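Asks: A single structure is presented below for examination.
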Amino acid sequence: DALADFLVRIQTNSSHRPDLNGCWFRAFDYNAWEYYGSNADHGWGAWGTLTGWTQSFITTTLALRQAKKCYWDMTRDLKLREHMDKAWSKMLPDYPH
8 DALADFLVRI
18 QTNSSHRPDL
28 NGCWFRAFDY
38 NAWEYYGSNA
48 DHGWGAWGTL
58 TGWTQSFITT
68 TLALRQAKKC
78 YWDMTRDLKL
88 REHMDKAWSK
98 MLPDYPH
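In terms of my numbering, the sequence shown has 34 at position 27, counting the first letter as 1, and numbering is strictly consecutive.
This is the structure:
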């Protein structure tokens, strides 16, 4: 519960930059309780947000939590094995399984 609460509370919310509402910045200042950018972050600008895999993990976990389900409950009956051999041979042809 504490982690979910934290992740929700650190989402951006700005009347000046509504295009950034709901995202997570990659840096967070716990003392000031706000997101920030640092000139020590080589290769990252102050407005760098976490996108891609991080966003999907957070939102999926929060959605499952709200539904009172877990990942394993939701995927138990998917029969992924039926599709795995074909996908594996295309994605990792040099690595037999």
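All C-beta atoms, glycine included, are put in the ideal place defined by N, C-alpha and C. Note that the coordinates shown come from a computational prediction; the quantities given were computed from them, not determined experimentally.
#1: Following the continuous alpha helix (DSSP H) through I17, name the residue where it begins and the one where it ends.
#2: Where does T56 fall in DSSP's three states?
#3: I need the boundaries of the alpha helix (DSSP H) containing R88, first residue and last residue.
#4: Straight-line CA distance for D8 to W40?
#5: Work out the CA separation of K76 and L85 for me, nearest whole Å.
#6: Determine the DSSP secondary structure at D101, reduced to helix, strand or coil.
#7: With a 10 Å radius around its C-beta and 16 neighbouring C-beta atoms as the bar for buried, classify Y42 as buried or exposed.
#8: List the whole-angstrom C-beta distance separating R33 from G55, where the pair is believed to meet the contact cut-off of C-beta under 8 Å.
#9: Can you tell me whether DSSP reads D36 as helix, strand or coil?
Replies: From the atom records:
#1: From DSSP, I17 is part of no alpha helix (DSSP H); its letter is neither H nor E.
#2: strand
#3: R88 to M98
#4: 19 Å
#5: Distance between the alpha carbons of L85 and K76: 15 Å.
#6: coil
#7: buried
#8: 5 Å
#9: strand
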